[in-house]
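To keep things clear, I will list the structure first and then write my remarks on it.
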Amino acid sequence: MGWIVTITAVFSVLKASLCFNIDPAAWRVWDNKDAGFGYQVVQRQKDLLVSAPLAQYSQNVRGAIYRCQDGNCQNMGVTAPQFAVNMSLGLTMTSDPSTQRTMACGPTIPKDCKSITMYNGACFEIGSSNTIGSPMPSSQEECRLQADIAFLLDGSGSVSYVDFITMKGFVKKLVSSFQGRDTQFAIAQFSSSRTIHSYFNNFFSGSQPWESKVDSIRQLSGGTYTANAIRFVVNEVFTQYRGSRPDVKKILIVITDGESHDRTDLPSAAALAETKSIVRFAIGVGTAFTKPDAKNELDTIASKPSESHVFQVQSFNALDKIRENLQAKIFSIEGSQTSGESLKMEMAQEGFSAAYVPGGFQMAIVGANGWRGGYQQYNYAQQNVGSFEPQAIEPDSYLGYSMTIAKSNRATLTVLGAPRYQHRGVVVTAYGNDIRQVIDRPEQQFQTGEYFGAEVCAMDVNRDGNTDLVLISSPMYRDAAGEGRVYVCSLSGLIVECLFDSSTYLRGDASNKGRFGSSLAVLPDLNTDGFSDLAVGAPLENDGQGSIYIFHGEGGTRLSPTYSQRIAGSEVKSGLKFFGISISQSSFDHSGDSLPDLAVGSKGTVVLLRSRPIVMVQALVSFNPSKIPTQNSDCSRPLKNTASICFLMSRQSTVDTAQAKITYTFTLDATRKPPNNRAYIVEKQREKTDSISITLGAQQCLDVDFFTEACPEDALNALNNELRFTFDGIASPTNLKPSLAQQAQTTAFHPLNFEINCGTDNKCVDNLKVDFNFTGSSEVKVGIDELLDVTVSVENSEENSYNTRVVLTYPAGLSYRKFTIHKGRIECNSLDSGDGLQRGKTDCTIDKPIFKSNTKALFIVSYGIETNSRLNSRLFVTANATSGNQDHSSSSELYKMNEIDVKYSIFITIQSPLSYTNFTFGKNNLQKPLTQSIEVANNIRALNFTVVIKVPVNLGNKDIWVDSNSLQIPDCRRDRDEEPIFKDFVAQIQKNKSVDCSVARCRVFRCTRFMGRLDSKKYIISANLSSGWIEQIGLHSAKFVLTSTASLEYDRSQYIFFSTTSNNNPPVRKIEAVVEVYPEPDFTKEIIGGSLGGLALLALITAGLYKAGFFKSKYQNMINNAGGEAGPAADGDAPAPEPDA
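For the sequence shown, full-length UniProt numbering gives the first residue as 1, with consecutive numbering after it.
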């Protein structure tokens, strides 16, 4: 199994059933021992193209395309260009059946870029006449050198004018060799001084060509100060401000002809460059560097090891000799940045998947941009005309692992699988090279490693040229039922609708390893019902033998969830491995029987399976006599009757001859259990089994004689006689065994009625009137109403009516639920539409067996309405009354048809958070930014609708917004402004504190878009709010609510809003911003009051200090100090004060 796992991690499974119309025995087999033979297969009108992508034919050649016809396969000898080394040709193959063109791709071309090995790819177009086009792309992606390279030129006086010209020529040639490789350049010159001629961000910019910029550089002359120049370039050139990028290689090339005057500073200058991860090359020109000291100077300048970064030449004319060597060394530099370079197209692997589109084709680039993926588009002239490289998707998603093209009346949609997205997978649709939709499952439903999106397939079920379904496989999804499933999604406009919360997926038989969904192929109409069919591969089933499953289209745009046939590899050919690894997307008649054949690949073997012709068999039963007599004088003698059983086989496939053996069982009075049965063939035997051979178009009949009781107790209820048959096709010399159409009725009841006693005139004339209405409903609301109740009334106003019944028909999309009796004896059975084309039928018996004269019956039949039902804009129901009476009154009303409008429920939410801002009253020149977001989410079904947003823009004669005329909402169209209802806005605002469209002129925006189910869109109102409108309201301090509104418009004749209220009108959402107004502050009173208060406080403090003796003690100290200045006393103490007088 190694060869299969080497290519891809994905393979896939359903339920054993009887074979339908694909003959499991291989009609033709091609074996080949080349590795991978059968990995891809494309069936063409006269041959098959088969790939062997792992076959190694020489050291550099891997992969081949074989052309298989009759019993032989020949290598087509696709000549790959020299760069296409080991490309694994044929790993991808796709075809355009309308033009018979086939695209074969090999996406594993390596290219050694020193520090990284790139993997790219190429595709070849094989024409209907086996011509092989040139490869696309025509050349391999060049090794990308993402680097910032600065040149530091010696412009000292020792360099001659001619040598300086040579030096500039060397720079131009080196720059030219790196162009187109994401490389930036800068040029500086040094001598005694230094100057910068071009920075990284302006080397290629401006009106002057970069070559002219280099030519215009003038030599400085002067001394040689190399260290000073290196430090200057490191600090001034290698900066983000000057265009240097943080995560790329940084290279400095120093060209000099002599020893520097500041050689002692060279070590520190080189160390500075090293700290910034700048790789340095030193080029010494002339004889000066033959001296050891001068040679050491070059070694100091250059990065280590010096032998790889130092060049010496004898003259400037020898610079060209080192250019290629220098170029190779620059390529071989490992990335110096810590975060690593971001991969772009180095791992693109063009052609990992491919698809034809109108006017050209698309090649997936699954490894581009860090394995985010995408595709490139080419026209038929093999010119690249665009690419889809979404940066929003996560790295390592593998977008483009699978690809298909969905078509609608509106446009073409590309559907891409990204099975490694978050280790579980996602599917993306692209329109106009932009992401249209991301298809993902709810968190509770996905599995890690399921590879959701490993295969995608667009299916036109009803064959009208437009895609109806998009199939998405998860081949490694595991549950108790097995491994692998395929999700069935519908296409509405350009929206893919997937109901992951329901059982809308396909699966195979229980198997630990099956990888059901590893391959998907839309097949032609195999069962001749007018709809395309689907094949699903499960190559790991049955211990790696593999199987494929066939699912039939039905109902116009649906796919049967149950497979019609499982074909195991062991049935096809003994020893097959991985049968179903590939299935041809196109089918043609190779066997000459006018029926499509199916090409299926396996490991080392490709088989061609034939379709069996489809025939229809109609079984007819007639009786003689046609009714059982009831006027019998002798009840002891049974009555003899004969049943004629006939079979007629007609063709549904294009076939001239067909034979079959019919084995049938005919059971008399089958609804009664013995011994209560009223008919028998011989005593106690009421069943006969026999067989008959039939041919196409010829009716074959046989008779069965039987007896009925002459006077049974129940002569009112008919004998329900059952005929069952089986079909066994017989092969003819030119055709396989025919298969019976699946819609053939192999079991049916054929009633034999008793004669009815109708009096002397032998006529029973009833007068039936049938009527009905839709109870309590004027319209069907899909998604809101669970039931549609049909109230039926039947009355008989004349003679007795026998075996009366009413048959209601109803459209696909309704399903029978129950019936409720209001009057009479009613029994109902119903059969819903199985294929979406036939109408459902409800058959109700009325007062069986006799609906008596002047009697009325009343009952209600209830039909379920699924949320995802698809009905027309009006549905109609019919009622048809019948009876066993031979005659009906001319005034009978036996048929009634009523119509009712259909509307589809929608539920769209509009949410907007509350905003806030404030202004000072009286300041009329203020403005403040205000941003309001309006998020619209669509919840039930995809539709086209309009969000109408009304924004107040003018109050009185004042603008609410700065420059109101320029107010816009992105993705919305401005409509005519709406005038306010109230002219006296001041009173209204003062009363309600609200500024809305009732008092202000409003700007109206209409935001129309088609939105898929569960999609959302955010609209932004962002502008500067003015203060000029506030003063006229007259409130100095208040809170206003500036209120915009968002409402919905949609086709009300088609849709109805899901609401708990009775009117089902969508709400009008308010978008509110609180605007608070403050009075302008007046600080005069505060200043005066503060000053007076301060003085009062000071007086209080002074009085308090006085009372505390503060001032007295201070005064006493002053006197003492004054006395001390006259001279001390004898004992050195201060003199005592004089007593008070």
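For each residue, glycine too, the CB sits at the ideal point set by N, CA and C.
- Judged by DSSP secondary structure, Lys991 falls within the alpha helix (DSSP H) whose first and last residues are Phe985 to Asn992.
- Pro952 is bridged by DSSP to Cys1002.
- Here Glu142 carries a coil assignment [DSSP, helix/strand/coil].
- The C-beta of Ile1021 has 16 or more other C-beta atoms within 10 Å across all chains shown, which makes the residue buried.
- DSSP, reduced to helix, strand and coil, places Ile230 within a helical segment of the structure shown.
- Apart from sequence neighbours up to five positions away, the residues of its chain that approach Arg941 with a beta-carbon distance below 7 Å are Tyr904, Ile906 and Arg1013, ordered along the chain.
- Within 10 angstroms of the beta-carbon of Cys635 lie fewer than 16 other beta-carbons, which makes it exposed.
- Pro561 places its beta carbon 8 Å or farther from that of Phe500.
- With 16 or more other Cβ atoms from the protein chains shown falling within 10 Å of its own Cβ, Cys123 counts as buried.
- Here the C-alpha atom of Ser474 lies approximately 15 Å from the C-alpha atom of Ala480.
- For His423, no beta strand (DSSP E) encloses it, and the DSSP letter there is neither H nor E.
- Secondary structure at His309: helix, using DSSP grouped into helix, strand and coil.
- Within its own chain, the residues whose Cβ lies closer than 6 Å to the Cβ of Glu541, once the five positions on either side in sequence are excluded, are Val13, Ser511, Gly514 and Ser547, listed in chain order.
- Sequence-distant Cβ neighbours of Asn721 in its own chain, meaning closer than 8 Å and more than five residues away, are Val621, Ala643, Phe666, Thr667, Leu668, Asp669, Ala670, Ala679, Phe749, His750, Pro751 and Leu752.
- Residue state for Thr300 is assigned as helix, using DSSP reduced to three classes.
- Counting only residues of its own chain and dropping the five nearest sequence neighbours on each side, Thr946 has a CB closer than 6 Å to the CB of Arg1006, Thr1008 and Glu1049.
- Taking C-beta atoms as the reference points, Ser1044 and Lys958 fail to come closer than 8 Å.
- Cβ neighbours of Asp299 within its own chain (closer than 7 Å, five residues either side excluded): Ser306 and Val310.
- Taken in chain order, the whole beta strand (DSSP E) runs of length 3 or more contained in the region 648–677 are 659–667.
- Within the same chain, and ignoring the five residues on either side of Asn21 in sequence, the residues whose Cβ sits closer than 7 Å to its Cβ are Leu526, Asn527, Ser611, Arg612, Ile614 and Ser739.
- A buried status is given to His888, since no fewer than 16 other beta-carbon atoms sit within 10 Å of its beta-carbon.
- Counting the other Cβ atoms within 10 Å of the Cβ of Ser58 gives fewer than 16, which makes it exposed.
- Rounded to whole angstroms, Leu598 and Gly359 show a C-alpha spacing of 28 Å.
- DSSP places Ser1044 in the uninterrupted beta strand (DSSP E) bounded by Ala1038 to Glu1049.
- Of all C-beta pairs linking the region 123–140 to the region 95–113, three or more are shorter than 8 Å, placing the two stretches in contact.
- The residue from Cys68, Asn72 and Gly36 with its alpha-carbon nearest to that of Ala55 is Gly36.
- For Leu174, the enclosing alpha helix (DSSP H) stretches over residues Tyr161 to Phe178.
- Spanning the alpha carbons of Gly783 and Asn868 requires a straight line of approximately 7 Å.
- Within the same chain, Cβ atoms closer than 8 Å to the Cβ of Phe707 are found at Pro638, Leu639, Lys640, Asn641, Ala679, Tyr680 and Ile681, the five residues on either side in sequence being excluded.
- In the DSSP annotation of this structure, the continuous segment of the alpha helix (DSSP H) that includes Thr275 starts and ends at Leu266 to Thr275.
- Your pair Ser966 and Ile1071 does not check out as a contact, with CB atoms roughly 19 Å apart and the cut at 8 Å.
- About 17 Å separates the beta carbons of Ala535 and Thr467, which is beyond the 8 Å limit, so they are not a contact pair.
- Excluding sequence positions up to five before and after Phe185, its CB lies within less than 6 Å of the CB of Ile149, Val175 and Phe203, all in the same chain and listed in chain order.
- Rounded to whole angstroms, Arg973 and Glu455 show a C-alpha spacing of 40 Å.
- For the 8 Å CB-CB criterion, Ala229 and Arg194 form a contact.
- Proximity to Phe190 across Gly223, Pro209 and Val415 peaks at Gly223, based on C-alpha coordinates.
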